[in-house]
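Colleague: Just dropping this structure here.
Number of protein chains: 2
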Amino acid sequence: MSDKRLYQSVARNILDMIESGAYPPGTRLPGERELAERFGVSRVVIREAEISLEALGRVEIKVGSGVYVRNSGDTIGLVLPSVTPFELTQTRLLFESECAALAASMITDAQVEELEATIQRMESAPHDSADGEGADRDFHLIIAKASGNAANVFFLQTLWRMRTEIDAVKKVYAAVCHEDASHRVNEHAAILDALRARDPLAARAAMRGHFSRLLEALLDASERQAIDEARRNSSANREKYLKSSVAG
Amino acid sequence: MSDKRLYQSVARNILDMIESGAYPPGTRLPGERELAERFGVSRVVIREAEISLEALGRVEIKVGSGVYVRNSGDTIGLVLPSVTPFELTQTRLLFESECAALAASMITDAQVEELEATIQRMESAPHDSADGEGADRDFHLIIAKASGNAANVFFLQTLWRMRTEIDAVKKVYAAVCHEDASHRVNEHAAILDALRARDPLAARAAMRGHFSRLLEALLDASERQAIDEARRNSSANREKYLKSSVAG
DNA sequence: AATAATCAATTGGACGGACCTATTTGTAAG
DNA sequence: CTTACAAATAGGTCCGTCCAATTGATTATT
Numbered sequence: 003m004s005d006k007r008l009y010q011s012v013a014r015n016i017l018d019m020i021e022s023g024a025y026p027p028g029t030r031l032p033g034e035r036e037l038a039e040r041f042g043v044s045r046v047v048i049r050e051a052e053i054s055l056e057a058l059g060r061v062e063i064k065v066g067s068g069v070y071v072r073n074s075g076d077t078i079g080l081v082l083p084s085v086t087p088f089e090l091t092q093t094r095l096l097f098e099s100e101c102a103a104l105a106a107s108m109i110t111d112a113q114v115e116e117l118e119a120t121i122q123r124m125e126s127a128p129h130d131s132a133d134g135e136g137a138d139r140d141f142h143l144i145i146a147k148a149s150g151n152a153a154n155v156f157f158l159q160t161l162w163r164m165r166t167e168i169d170a171v172k173k174v175y176a177a178v179c180h181e182d183a184s185h186r187v188n189e190h191a192a193i194l195d196a197l198r199a200r201d202p203l204a205a206r207a208a209m210r211g212h213f214s215r216l217l218e219a220l221l222d223a224s225e226r227q228a229i230d231e232a233r234r235n236s237s238a239n240r241e242k243y244l245k246s247s248v249a250g
Numbered sequence: 003m004s005d006k007r008l009y010q011s012v013a014r015n016i017l018d019m020i021e022s023g024a025y026p027p028g029t030r031l032p033g034e035r036e037l038a039e040r041f042g043v044s045r046v047v048i049r050e051a052e053i054s055l056e057a058l059g060r061v062e063i064k065v066g067s068g069v070y071v072r073n074s075g076d077t078i079g080l081v082l083p084s085v086t087p088f089e090l091t092q093t094r095l096l097f098e099s100e101c102a103a104l105a106a107s108m109i110t111d112a113q114v115e116e117l118e119a120t121i122q123r124m125e126s127a128p129h130d131s132a133d134g135e136g137a138d139r140d141f142h143l144i145i146a147k148a149s150g151n152a153a154n155v156f157f158l159q160t161l162w163r164m165r166t167e168i169d170a171v172k173k174v175y176a177a178v179c180h181e182d183a184s185h186r187v188n189e190h191a192a193i194l195d196a197l198r199a200r201d202p203l204a205a206r207a208a209m210r211g212h213f214s215r216l217l218e219a220l221l222d223a224s225e226r227q228a229i230d231e232a233r234r235n236s237s238a239n240r241e242k243y244l245k246s247s248v249a250g
């Protein structure tokens, strides 16, 4: 209906098929010939659509085998810019705080309950487990949705992709995850309280506090990490130069 | 060195041609037929290569005209969600206001001068011209850069892509562009004053004012547009039913 | 002379069929 | 049960043809 070139409309259809859950990550898409028949287009168009999806990192084409859906998690940094963990956290601070303020005046009772559920999941999940991280993500995502703005949801998702797909970010966040887990539950609870009270100013302040503390924790962690690395390097150097002095 | 599929190796060659400076941004690449002959491959392969480059945002394909090199600085890749003009403007309000507040305490004198230049460009450009729009974009982009955060720059670019690439948004923004131009220059000047004074609160307030007014203008315009459409429909209906009553 | 309508050349878009190579898989021989 | 091989299946590439959009020059009109 809307796309100018045929292959783009086909690519969108395929993307919809994938995102509807019909083809979970790792599964094979139907063959080019079958898709061509199903969409009533030529094989060339199917190939073009799949190539564009491959360029976007959504599928992986294996010759002689088939086209496979990629977990959007294993995309490499091609589409995302390289940002530091601090930049990301600063942007999350300013963006998500405003989302929270907006959400406070729009949130439904059902969404409040969903938020409660994520906090319970975080409490019962072992620290830094996959489910704990999922609950963290859901908490922030629900708030973005509660702001009633599709662009906000999109940016929240993009921010989360940066957190999980950019190596430098992933590393530093992981280092801070252990000691962070306990604070996180409390802070999420404080944010939830403000949202439940439909208080925009309190929600903004609580979210800012959440990320301010995270930013500090990240700075501490990266400092420790830098020290560790320096120590490793210097001990490696010591070894290296001692060795050469023995050899000499 | 050698990519698995032919189109990828061709895409890399084309990219090298572009990045060598042989085809600066805005210029047209040789036609598919010529490239096919030059690389010794079929037109299909050239098309696939160009499509992958288009998906990555490096070139723009215009049917019947040619393939054009895009500014490499432009954001690439991400598939945009469908957002309304109002959602976009609301997100710009909350996001760019915070960027402005950040920028106020980080901006350099050189960046202040760049901002002044964009305002002069807007004053001298005919309303709603391409250059006027470019100056508008540059104004906001410079502020995002002045915030000293690569993630902010990335999101600013993505927001601008939404404004120019989503049909529904483009339409409503265009409708408001004429009467908006005069206000816009004044408001940009007010924002610049706050930045020049390195006053974060004033910068945030000025930016919020800028987008608040824009949001209202958009609402007015869309209301008028809805009324126009309703009028058109009703007159079409009148014609239709008058005709049938005459026929009957 | 300036402007509007028209037409032809160029360019990307799409089709279908043919043939290639890589991978998978089922079956038969060991 | 394992191995070896061969058909079936999958994507990769080419060719030639035709369509549709764009553009610019040509011509007609005012």
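In order, the protein sequence lines correspond to chains B and A. The first sequence begins at 3 in our numbering and counts up one residue at a time. The second sequence begins at 3 in our numbering and counts up one residue at a time. C-beta: ideal position from N, C-alpha, C; glycine also.
Please tell me whether B:Ala148 and B:Gln113 are closer than 7 Å, where the distance is taken between their beta carbons.
Modeller: Result yes, Cβ atoms of B:Ala148 and B:Gln113 sit closer than 7 Å.
Colleague: I want to verify the contact list: residues of chain B whose CB lies under 8 Å from the CB of A:Met164, in sequence order.
Modeller: The answer, in chain order, is Ala153.
Colleague: Check each residue of the region 93-121 of chain A: if its Cβ is closer than 9 Å to any Cβ of chain B, include it; give the result in chain order.
Modeller: Taking 9 Å as the Cβ-Cβ cut-off against chain B, the residues of the region 93-121 of chain A that qualify are Thr93, Arg94, Leu95, Leu96, Phe97, Ser99, Glu100, Cys101, Ala103, Leu104.
Colleague: Tell me, please, whether the CB atom of B:Glu264 is closer than 7 Å to any CB atom in chain A?
Modeller: Lying before the first or after the last residue shown, residue 264 of chain B is absent from chain B, which here runs from 3 to 250.
Colleague: Looking only at DSSP bridge pairs, what is A:Ile16 linked to?
Modeller: In DSSP, A:Ile16 forms no bridge with anything.
Colleague: Would a check of beta-carbon distances place B:Phe1 closer than 7 Å to chain A?
Modeller: The structure shown does not extend to residue 1 of chain B, since chain B is modelled only from 3 to 250, so the question has no answer here.
Colleague: Report the rounded CA-to-CA distance for B:Glu89 versus A:Ala192, giving the unit in angstroms.
Modeller: For B:Glu89 and A:Ala192, the distance between alpha carbons rounds to 27 Å.
Colleague: Is the shortest distance between the beta-carbon of A:Ser54 and the beta-carbons of chain B less than 7 Å?
Modeller: Yes, contact with chain B.
Colleague: Using beta-carbon positions only, say whether A:Met124 and A:Ala137 come within less than 7 Å of one another.
Modeller: Yes. Within cutoff.
Colleague: Is the separation between the beta-carbon of A:Ile20 and that of A:Val71 shorter than 7 Å?
Modeller: In this structure, A:Val71 lies closer than 7 Å to A:Ile20 by Cβ.
Colleague: Given this structure, state the Cα-to-Cα distance separating A:Ile16 from B:Ile53, to the nearest angstrom.
Modeller: Approximately 16 Å, taken between the alpha carbons.
Colleague: Which residues in the same chain have their Cβ closer than 8 Å to the Cβ of A:Arg40, if we skip the five residues on either side of it in sequence?
Modeller: Hits under 8 Å: Pro32.
Colleague: Report the rounded CA-to-CA distance for B:Gly75 versus A:Phe157, giving the unit in angstroms.
Modeller: Unreliable positioning characterises B:Gly75 in this predicted model, as indicated by a pLDDT of 47, which lies under 50. The coordinate reading is nonetheless provided below. Each residue's alpha carbon lies about 20 Å from the other.
Colleague: Just to check my reading of the structure: B:Ile109 and B:Leu197 have Cβ atoms closer than 8 Å, yes? What is that Cβ distance to the nearest angstrom?
Modeller: Contact flag correct, Cβ pair sits at about 5 Å.
Colleague: Identify the residues that DSSP records as bridge partners of B:Arg30: which are they?
Modeller: B:Arg30 is bridged to B:Tyr70.
Colleague: With 7 Å as the threshold, decide whether the Cβ of A:Leu17 is near any Cβ in chain B.
Modeller: Taking Cβ atoms only, chain B never reaches closer than 7 Å to A:Leu17, which makes this a no.
Colleague: Of all the options B:Thr86, B:Ala177, B:Ala51, B:Arg30, which has the alpha carbon lying nearest to the alpha carbon of B:Asn73?
Modeller: Closest option to B:Asn73, Cα to Cα, is B:Arg30.
Colleague: Taking the alpha helix (DSSP H) that A:Val61 falls in, what are its first and last residues?
Modeller: Looking at the DSSP string, A:Val61 is not in any alpha helix (DSSP H); the run it does join, the beta strand (DSSP E), is 61-64.
Colleague: So, helix, strand or coil for B:Asn154, using DSSP?
Modeller: In this structure, B:Asn154 counts as helix in the three-state DSSP scheme.
Colleague: Report the residue ranges of all alpha helix (DSSP H) runs contained in full by the region 109-188 of chain A; include only those spanning at least 4 residues, in chain order.
Modeller: Within the region 109-188 of chain A, the complete alpha helix (DSSP H) runs of at least 4 residues are 111-126, 132-148, 152-167.
Colleague: Please determine, among B:Val69, B:Phe141, B:Glu115, B:Lys172, the residue with the shortest C-alpha to C-alpha distance to B:Ser224.
Modeller: For the residues B:Val69, B:Phe141, B:Glu115, B:Lys172, the minimum Cα distance to B:Ser224 belongs to B:Lys172.
Colleague: Grouping DSSP H, G and I as helix and E and B as strand, with all else coil, what is B:Leu8?
Modeller: B:Leu8: helix per DSSP, three-state reduction.
Colleague: Just how far apart, CA to CA, sit A:Ala152 and B:Arg35?
Modeller: Computed Cα separation, rounded: 43 Å.
Colleague: Excluding sequence positions up to five away, which residues of its chain have a Cβ less than 6 Å from the Cβ of A:Gln10?
Modeller: For A:Gln10, where only same-chain residues beyond five positions count, there are no Cβ hits under 6 Å.
Colleague: With a cut-off of 8 Å on the beta carbons, I'd call A:Glu189 and A:Arg165 a contact; round off their distance for me.
Modeller: Contact doesn't hold; Cβ gap of about 17 Å is too wide.
Colleague: Relative to the C-alpha of B:Arg163, which residue among B:Arg206, B:Asp18, B:Pro87 is closest?
Modeller: Residue B:Pro87 is the option with its Cα nearest to B:Arg163.
Colleague: Alpha carbon to alpha carbon, what distance is there between B:Thr160 and A:Met95?
Modeller: Checking the displayed sequence, the identity of residue 95 of chain A turns out to be Leu instead of Met. Going by the C-alpha atoms only, they are around 19 Å apart.
Colleague: Below 8 Å between beta carbons is the criterion; list the residues of the region 19-37 of chain A that meet it against any residue of chain B, in chain order.
Modeller: So the list is empty, because no residue satisfies the distance condition.
Colleague: When you compare each of B:Arg226, B:Gly211, B:Ala228 to B:Gln92 by their alpha carbons, which one comes out closest?
Modeller: Residue B:Gly211 is the option with its Cα nearest to B:Gln92.
Colleague: Within 7 Å of any Cβ in chain B, is that where the Cβ of A:Leu58 sits?
Modeller: With 7 Å as the cut-off, A:Leu58 counts as an interface residue toward chain B.
Colleague: Look up A:Ala208 in the DSSP assignment and say whether it is helix, strand or coil.
Modeller: Of the three classes helix, strand and coil, the one that applies to A:Ala208 here is helix, per DSSP.
Colleague: Taking the alpha carbon of B:Leu217 as the point to measure from, which residue in B:Ser22, B:Asp111, B:Ser67, B:Cys179 has its own alpha carbon closest?
Modeller: Comparing Cα-Cα distances from B:Leu217 to each of B:Ser22, B:Asp111, B:Ser67, B:Cys179, the minimum goes to B:Cys179.
Colleague: In whole angstroms, give me the CA-to-CA distance for B:Phe141 and B:Ala207.
Modeller: Using only the alpha carbons, I get a separation of about 17 Å.
Colleague: Would you say A:Leu197 lies against chain B (beta-carbon separation less than 7 Å)?
Modeller: Answer no: the Cβ-Cβ gap between A:Leu197 and chain B never drops below 7 Å.
Colleague: In three-state DSSP terms, what is B:Asp201?
Modeller: If DSSP states are grouped into helix, strand and coil, B:Asp201 belongs with coil.
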